[in-house]
Every structure is written in structure tokens, then in C-alpha cells.
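Engineer:
Residue numbers (full-length UniProt numbering): 1 to 106.
#1: Using the beta-carbon count (16 or more within 10 Å), is residue 41 buried or exposed?
#2: Spatial neighbours of residue 99 within its chain, please: C-beta separation below 8 Å, excluding the five flanking residues on both sides.
#3: Mapping DSSP to helix, strand and coil, what is residue 27?
#4: Determine the DSSP secondary structure at residue 80, reduced to helix, strand or coil.
#5: I think residue 59 touches residue 90, with their Cβ atoms under 8 Å apart; what is that distance to the nearest whole Å?
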């Protein structure tokens, strides 16, 4: 593995996260919007389903191998220590409604 990076990675610093003054209001509005979608889809289908990415196509179980020779800027957070990390990945479509497979979505 080479230590040459084509893009310069940054070491994480807490100053990178900027929390806007209206963060609490934005969060409240998102929760209200998601709840409205949940209520609508429940009324339409009679089932409790996710408000977005409702139709699951599959799950993958696996692991990520974290190598010890990672370049220093990449060896941060979960990738700071060599080893195996468990992974679960869910494949789904965008809409909150469970649409027929014939319907094209982005």
C-alpha cells in the first residue's frame, strides 16, 4: 500500500462542525415532516413503514479490514486502529411509499 495521497485529507478538529443558531428548530421541523410522512403512508397502506427509503431490497453483512499502513490523515476515528469492523448495509429505494417495481425512481 502506498502512502501517497492524491487528495490531501484533513485531520478532524471539533472546529469543523458549525452548528447553526436555528439547529433545534430545523431538527424539530424535520421530525414533524418525517412524522407526517409516516402517518400518510400508514393511512395509505395500513402498515407502519419507514418515512423514507421504505422499500428494502436486501441486506449485506460483512466486514471492513482496516490496515495498519494507512496514511496518517486517513488513520482517524474508526480507521485509527488496524482490525476488522462489522458492517451491515441496507439496499433500498428513495421514496417513502412502497411503489411497484415498474415505477422508475432516481
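By construction, the Cβ of each residue, glycine as well, lies at the ideal position given by its N, Cα and C atoms.
Since the model is a prediction, treat every value here as computed from it, not as a measurement.
Structural biologist: Per the coordinate set shown:
#1: Reading the chain shown from its first residue, position 41 is the one you call residue 41. It is buried - the Cβ of residue 41 has at least 16 other Cβ atoms within 10 Å.
#2: Taking the first residue of the chain shown as 1, we reach residue 99 at position 99. Same-chain partners within the cutoff: 55, 93 and 105.
#3: Counting from one through the chain shown, the residue named residue 27 turns up at place 27. DSSP places residue 27 in helix when its eight states are reduced to three.
#4: Taking the chain shown and counting its residues from 1, one reaches residue 80 at position 80. Residue 80: coil per DSSP, three-state reduction.
#5: Taking the chain shown and counting its residues from 1, one reaches residue 59 at position 59. Taking the chain shown and counting its residues from 1, one reaches residue 90 at position 90. The Cβ separation is near 6 Å, so the contact holds.
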